[in-house]
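See below for the structure under consideration.
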Amino acid sequence: MDKPEEIRGQTSALPSPTAAISAWQPGQVIDGQYEVKKLLGKGAMGEVHLVYHRLWKVQLAVKAPLPKIMASEKTAERFLREARLWINMGKHPNIVTAWYVKKIAGLLRIFVEYVNGWDLKTYLRGGMIADLAQALDIAIQITSGMRYAHEQCQLVHRDLKSSNILMSQEGEAKVTDFGLAKAIDAADIVEDEVRSPISTPQRQRVPKDHRRQSTSASG
Ligand SMILES: Nc1ncnc2c1ncn2[C@@H]1O[C@H](COP(=O)(O)OP(=O)(O)OP(=O)(O)O)[C@@H](O)[C@H]1O
Ligand SMILES: [Mg+2]
56 MDKPEEIRGQ TSALPSPTAA ISAWQPGQVI DGQYEVKKLL GKGAMGEVHL VYHRLWKVQL
116 AVKAPLPKIM ASEKTAERFL REARLWINMG KHPNIVTAWY VKKIAGLLRI FVEYVNGWDL
176 KTYLRGGMIA DLAQALDIAI QITSGMRYAH EQCQLVHRDL KSSNILMSQE GEAKVTDFGL
236 AKAIDAADIV EDEVRSPIST PQRQRVPKDH RRQSTSASG
């Protein structure tokens, strides 16, 4: 499947950091193309919706970053850069495929593979792992996805945790949210800089970037 709609970020007319994410309602059709099915959930990065892509005839998950990430050109560009690195990873069975970024109503949104299931955190809390063999199988799948990320894509995840592992109903484990934690960190730094010129612990916690920067944007 091609990735025809990825755009280069236009970061003019940035929303205010306190603005609400423009809410999509089930039943709405966005851009004449995306049928909004439901809100999948909200996380530190923003909202995630399930949509049906009329042209591709598939369901996709759409992540809308928090307005604070889009509030400065610098952090918006960083989000776009991180998203492109994820898109450029291509397909692997243990990684959620990121298809493209699109600006809709002034907000960048990232369109990714929809995983019909649960995240691993819910899985663990619900006691959905039957035995050691299944636990090991999940661990091996996660390792396989991370190995692909490190060895083939030279990418470090930076926020690997159970809520960022999605489990399909067929028992596949897929790692998601590559690099997006970095965009959130960057947004927090901007807020700190506005508040105080003194270095804060929050700023000091931001880890070094160990990634090799990709020179190409996805097409
Ligand atoms: N590709 C996807 N397919 C299906 N559900 C998804 C997908 N991506 C995210 N979700 C669901 O949407 C919800 C919000 O996800 P999000 O990544 O924003 O936050 P989180 O991972 O739960 O928390 P955090 O922001 O701390 O990482 C979660 O319930 C998650 O399982
Ligand atoms: Mg997440």
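Letter 64 of the sequence shown, counting from 1, is numbered 119 in the working numbering, and no numbers are missing.
Yeah, the Cβ is synthetic: ideal placement off N, Cα and C, and Gly gets one too.
Because the structure is a prediction, the values reported are computed rather than measured.
Secondary structure, alpha helix (DSSP H): runs of 4+ residues fully inside the region 100–127: Listed in chain order, they are 122–125.
Best match in Asn143, Asn219, Ser199, Lys146 for proximity to Leu179 [C-alpha to C-alpha]: Ranked by Cα distance from Leu179, the options Asn143, Asn219, Ser199, Lys146 are led by Asn219.
Short Cβ contact (7 angstroms threshold) for Gly234 with Glu137: Contact flag set, yes.
Lys129, DSSP secondary structure in three states: Lys129: helix per DSSP, three-state reduction.
Met222 - partner residues in DSSP beta bridges: According to DSSP, Met222 bridges with Trp173, Ala228.
Close-in-space but distant-in-sequence residues of the same chain around His147 (CB under 7 angstroms, 5 per side omitted): So the list reads Gly200, Tyr203, once near-sequence residues are dropped.
Separation of Asp232 from Asp214, as counted between CA atoms: Roughly 8 angstroms separates the two Cα atoms.
Assumed close pair Phe166, Val117 - CB separation to whole angstroms, cut-off 8 angstroms: With 8 angstroms as the limit, Phe166 and Val117 qualify as a contact, their Cβ atoms being about 5 angstroms apart.
Simplified DSSP state of Ile193, which is helix, strand or coil: Ile193 falls in the helix class under three-state DSSP.
Where Arg109 falls, given that 16 or more other Cβ within 10 Å makes a residue buried: Exposed: under 16 other Cβ atoms inside 10 Å.
Check whether Ala228 and Gln196 have beta carbons under 7 angstroms apart: For Ala228 and Gln196, yes; Cβs fall inside 7 angstroms.
Residues proximal to ligand 2 by C-beta, any heavy atom closer than 7 angstroms: Those residues are Gly98, Met100, Ser218, Asn219, Thr231, Asp232, given in chain order.
CA nearest to the CA of Ala194, picked from Leu210, Gly182, Leu175, Cys208: Just measuring C-alpha positions, the residue of Leu210, Gly182, Leu175, Cys208 sitting nearest Ala194 is Leu175.
Supposed close pair Arg164, Val156 - CB separation, criterion 8 angstroms: Correct: roughly 7 angstroms between the Cβ atoms.
DSSP state of Ala153 mapped onto helix, strand, coil: Ala153: strand per DSSP, three-state reduction.
Simplified DSSP assignment, three categories, for Arg142: Strictly speaking, residue 142 in this sequence is Ile, with Arg absent from that position. Judged by DSSP in its simplified three-state form, Ile142 adopts helix.
Proximal residues to Gly96 (C-beta, below 6 angstroms), its chain only, five neighbours per side dropped: Once the five neighbours on either side are set aside, the close Cβ partners of Gly96 are Val103.
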